[in-house]
Amino acid sequence: MTVKDLVDRFESSLSASSPVPGPSRSYSTPQSSTRIKVEKDDGTVTKVPPPPHPLMMKTLTTPHDGDSRQLTARATRIGDTHAQQSRNTLSSAPKHKSDQCLPMDSDSDTLKSALIQRHNAKQITVPHTPVAVTDLFARKAAPLHLPKLDKYLSSLQPPDFLRDDSKWDKSSMFPPMDRLALTGSSLDDLETNSKVPVSWRDRKTILGSAVGIVLGVTGSSALATYYSLQGLTNTVQIFALILNTIVPVQGSGVWSEWRQLFLGTIPNIIALNFASTLIQSLVYLIVFFAISSGLLYYFFHSALGCDRYTYGTLLIVTFILTVVYLPLSTMAVHVLVWSEDLWAVPNPYTNATSFPPIVASLGPADEYRDPLDFCWTTTMKKNEINFAPVVVVLAAIVVLSLTICFPIAAPVVSLSIPSPKSNRYTSLGRLRNSVDLDGEYHRLLSRDQNPFAFLYSGYRRGWGTYQSTYLFAKLSTLIIIAVINPDNCLFRSFSRSTIPIVRQVLLLISTIGFFLAQCILAPFLDPVNNASEWTSRLNYVATATIALLVALDIPGQTIYNVYLLYIIYIITYGLSIYFTIINLGPVRRMVKRLACRIDFSIDIFSPRLDLSPLSPHTKRRIWQESITALLLTSPECRIPAKQRMVYAQARDSEFPPYLLNFCGTPAERHAENLKILREIGSLKYNKASALLSGPDYEWFRKLESQIQKHFIGPDCYWKSPSETKPELVGCANFFGNAWWIPFPPTLVLRYDSGSYAVLQEVADLEAYISQNSSHSIRRRRHIRLSLRALDGQVVKWPYEHIIPIGSQSPLSWGRRRYSTQSSVHYNHCVLRINHRGHLSWQGLQLGSGFDIRLSYSKKLDLDGSVIGLNDDFDLTSPLARFFMLNSQLVSSRLSYIESTLASYRRHHRKETLTYRFLSHVYDHAREPSGLRPSSMELEKDPRVRVLMSGSEETRTWWYIFWDDLWRRNHDTISGLELHAVDFNPYYPTSIAYTPLPRVALETFLTQRGLLSKSPRWGDFFHPGFLNKLYLRLNETVFRGSSRAILFHIGQDHSELDMEDVDLDTLVQPSTLGTGGGTDHDNSSIRARPAYRWEGLLSDPVLKGSRRRRNFLAKLGAWMGVTPLWRSGVPSPGLSLDVRIENGRYVLLDDGSSFGGSHVNRTKLDNDND
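Residue numbers for the sequence shown follow our numbering, so the first one is 17 and each next one is one higher.
So this is what it looks like as structure tokens:
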């Protein structure tokens, strides 16, 4: 392209673009409607015009002060794919006169002349190579020198609370955070009114450790859950089964005692695989069956309708049944197929020279069976009792009840579904993305009080039932190994060389299938656990392959059946131990220290991070955290110490959550408000809040008062006008247990059958009141109350029970022929009401469900039809007679029932903190003077004035950076805890409130032992990290001006600022938001994909062909070295326009390059300062 072409192109661009002042970033595209999608911090997407080509108008912004005044000017940056070149620096010769900056009001002729001069000056420039960010941010990188940024930071005034005349005690925390520190609890602890128990006091950990000692398995950690021990037990059990296909428990194939010990005895002891003789098998089967039968009976009897948060015994029973599932099922299946261990004679097929083998007679034919007639018999003598039928029946019961029914039983499936429900919204009411939902689920698991947590705590969100699936995976391996065997009565007549090969082929196919399923599904929550399971499955494949080689009699068994098997054995258990240890909390923190890794919960270096005065990050960390701490720590407001924060929640979110057993404190209501906000979001929350304060509030309040006073609790009725038949809504009748959720105003009715009806519309609420006020429904409700008064009482109701006596004819096809009958007359019975739900109030059971049962004896239990009760609760003649016979009992207890229900309704009408508190106070950060005294008495928090009202982006980003650094790393970096007064944002003296120039920050960190003059191993802070810090800080100050540091993507010569880079990398599939506000002071290390700018600033510059997805990107996370992994296709890498001068990186102060010439912007900036 010639100079003339360039100038003509420039003039055409000038005619197509008109400079107009605008916000800090604006583009003009009069000829194109193409727009670029931009993802905002809250996850929404907006569209902005793309920059015009080849002319791009940029707005230069000076550092803005409190009144946010900005001085804008227009600068021209021209370029296309052929003309743009990298920025050049002048040699030591004097600068060319064309380097002088052009005034902003220059006409096109002046600009044309300047462009020609700069193009002609190309020969005196030298090319510049941008510096890759990986080099700039390296541990031993030279420091980045930004004198203008340091000058600006030095000009910032300290906060008011740090001045000498301030009334704040600089050695004390801000209130109310000082009271929070005195409690020794976190806000999460106070909000849930519970603490995560330490390992040595956790009943689950104690039980898990005891089982680990008994099994002799190493790997139980201080923070281990039942899942980790369960997974290790699963590994050993299946490994023992596969090893048994190579090394028999007893036989000539054992070459040495040591080999038998390690490859036979130890795995079988751990797997409880003891059966080797007839007597042993029968004894173990009977003993195990007796124990398991009792455990199974208790499990099925207690699991249905239990309070899962109090039944600790059921936890132990469930865990034991899961552990003994494989060995007990193994014995039962061996009995059904009558394997070699149960044969009454030695195995005649061993070392036999003919098939079938020729065996000598055992004795006289009238006394002994045929020598090969040993199947399903415990003796070879004809005159002795054969116990085989009894044992086979017992084994069949075990297989049906434990092997098949236990994994698929409804209680197991329901208990396997995780009780912690990930809230769809954050505490700010913003919708979570999938990664945030996974993190929230992980956080809730650590506080889950469900005793059955070991069933699902190790699995990802949505994979809670995987434990039952894995039991069936065990069963498939069991069937292949135990059934397809030439040494049992099913396959003894088949070829003894073919059956082992078929078995090993099927076993290899099965193990490969499980291995591929693990690779594809990766159901475990932690990548380390997925890697551990992947290793175990790979071990199964390798071991099954060796077993197949043995079955095929491939030469070289000494190598692969001895040495290779030992190697697999060592690697498997070695990696199991490694994965168990690396996943311990203390070890993970140690790895973090060794890696000198600083974690953040948000994409802290992203230019899309919301730094506005209403930033969710500052609002969450300061304003909302202070309000929550005030309510949860005030003696007058806090949650009672013994109160359990349990919420009524719909599994599919049919209705909003509701706090059970409300004690009437403001802190309880506040915690409930937060729970509701996280469930329904800010939009619905604010809409419902407006309903409670709008013009129709009084009318709505009247409806609410009438419902709460008369129509909540049991025995309420709702028949939707659109649903006329009970079966259409899944119920036998339209009665159920109703409760009122004050916010959002919702009436929930659970029918007796268990289905729900949710009423939120005003018209439905009016119809509900009308239906329950009708005479017909009131009469039916009185019948239900009368029956409720008789619950558990001995009532009078004569009944004659007729018992037919007869025999069954062989030709009656199952029908009995009766010749006579016997009758028993009863006068009294016990009336009981079976409930589906569980809700006890003052000793009265108010749970949903109304199944009437009359018990005359242990064997005679009848339903309510005996007394004339029907589904519609009509007053039939038999029912009227029943009430007449028991009128005195009904009258004596009916008043108690009615008074208890009235007390229940009165209790739930209390309200101590309005539901508008969140939308009017909690969600709007302001100075305390802006709050009404009736809302709250909040101590004046000067942090709000500093960062929440008209604040600068520089101060905001600086605060968020140090606040998040403290929250996520204070328990790992010892220097932070040692100097908490200087780093903890709860203290006025925290560095988070005072942005420092680089030299001052280096001195600050060096004095506290966190930075070394020469980078040393173990330093968390180093020059490269500080380069990254001040690079982002420079962007907040000089964004849009020539002082901004420019980037290059890959080998592209285009010069982009951080916002341009962010737009150009939106196409990357690894795009994520910048994170939520924060999770209070949570410092847990949780695995997650890297945020966009975490990945961009760590990708090396691409050289050569196009970069592809790295399938080993999660290797570090799998091995437990880092919790982060790079998802999607990595970027081509970034580099910056800086150069080395006097041992430090400096900006190219000669401006940007175009066509080899310089555009010096320094003077332009100075002229506009």
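For every residue, glycine included, the Cβ atom is placed at its ideal position computed from N, Cα and C.
Who does residue i pair with in a DSSP beta bridge?
i	result
Leu-675	Tyr-663
Phe-540	Tyr-475
Ser-767	According to the sequence shown, residue 767 is Tyr rather than Ser. Tyr-767 pairs with Gly-752.
Gly-1105	Correcting the residue identity first, residue 1105 is Pro in this sequence and not Gly. In DSSP, Pro-1105 forms a bridge with Trp-1141.
Asn-504	Ser-355
Gln-722	In DSSP, Gln-722 forms no bridge with anything.
Lys-874	Bridge partners of Lys-874: none, in fact.
Cys-612	Partner(s): none; Cys-612 has no beta bridge.
His-841	Glu-816
Lys-397	Tyr-384
Are the beta-carbon atoms belonging to residue i and residue j less than 9 Å from one another?
i	j	result
Glu-688	Tyr-701	no
Leu-627	Trp-973	yes
Val-1137	Val-603	no
Leu-196	Thr-649	yes
Pro-536	Leu-522	Note that residue 536 is Ile in the sequence shown here, rather than Pro. Cβ atoms of Ile-536 and Leu-522: not closer than 9 Å.
Leu-1118	Ser-1147	yes
Arg-440	Ser-738	no
Asp-454	Ser-438	yes
Arg-984	His-458	no
Ala-1008	Tyr-1046	no
Ile-413	Ser-309	yes
Lys-703	Pro-632	no
Tyr-713	Ala-805	no
Val-1162	His-161	yes
In three-state terms, what does DSSP make of residue i?
i	result
His-817	strand
Ile-1065	strand
Pro-67	Its pLDDT being 38, under 50, Pro-67 is placed unreliably by the model, and the measurement read from it follows with that caveat. Coil at Pro-67, not helix or strand.
Tyr-341	helix
Ser-1151	strand
Ala-148	strand
Thr-346	helix
Pro-79	Residue placement at Pro-79 is flagged as unreliable, the pLDDT there being 38, under the threshold of 50; the coordinate-derived value follows with that caveat. In this structure, Pro-79 counts as coil in the three-state DSSP scheme.
Leu-885	coil
Asp-454	helix
Leu-1199	In the structure as shown, the chain starts at 17 and stops at 1185, and residue 1199 therefore has no counterpart that could be examined.
Leu-248	Since pLDDT at Leu-248 reaches only 35, below the 50 mark, its modelled position is unreliable, and no value is offered.
Asp-166	helix
His-995	coil
Arg-795	helix
Ile-598	helix
Ser-236	Only weak support exists for where Ser-236 lies, its pLDDT of 31 falling under 50; the value from the coordinates is given anyway. Correct three-state label for Ser-236: coil.
Glu-670	coil
Could you spell out where the alpha helix (DSSP H) holding residue i opens and where it closes?
i	result
Gly-729	Where Gly-729 is concerned, there is no enclosing alpha helix (DSSP H), although the beta strand (DSSP E) it sits in stretches over 729–733.
Ala-896	893–901
Ala-158	Note, Ala-158: premise wrong, no alpha helix (DSSP H); not H, not E.
Ala-376	Looking at the DSSP string, Ala-376 is not in any alpha helix (DSSP H), and its letter there is neither H nor E.
Leu-693	682–707
Val-1077	1074–1080
Val-1162	Run containing Val-1162: none in the alpha helix (DSSP H); it sits in the beta strand (DSSP E), 1160–1163.
Met-193	193–199
Let's see if you can read the secondary structure: which residues bound the beta strand (DSSP E) around residue i?
i	result
Arg-869	867–871
Leu-1012	Taken as a continuous stretch (DSSP letters only), Leu-1012 belongs to no beta strand (DSSP E), as it is neither H nor E.
Ala-773	772–775
Distance cutoff 9 Å, beta carbons only. Does residue i sit that close to anything in chain D?
i	result
Met-1074	Going by chain labels, chain D is absent from the structure shown, which holds only one protein chain.
### Touch test, the stretch 751–758 against the stretch 720–732, Cβ-Cβ under 8 Å, three pairs minimum
yes
### Message
For the structure I just gave you, are there three or more beta carbon pairs, one from the stretch 866–875 and one from the stretch 846–855, closer than 8 Å?
### Response
yes
### Query
Is the stretch 502–510 touching the stretch 342–353, taking contact as three or more C-beta pairs under 8 Å?
yes
### Query
Are the stretch 1151–1159 and the stretch 1045–1062 touching by the rule of at least three beta carbon pairs closer than 8 Å?
yes
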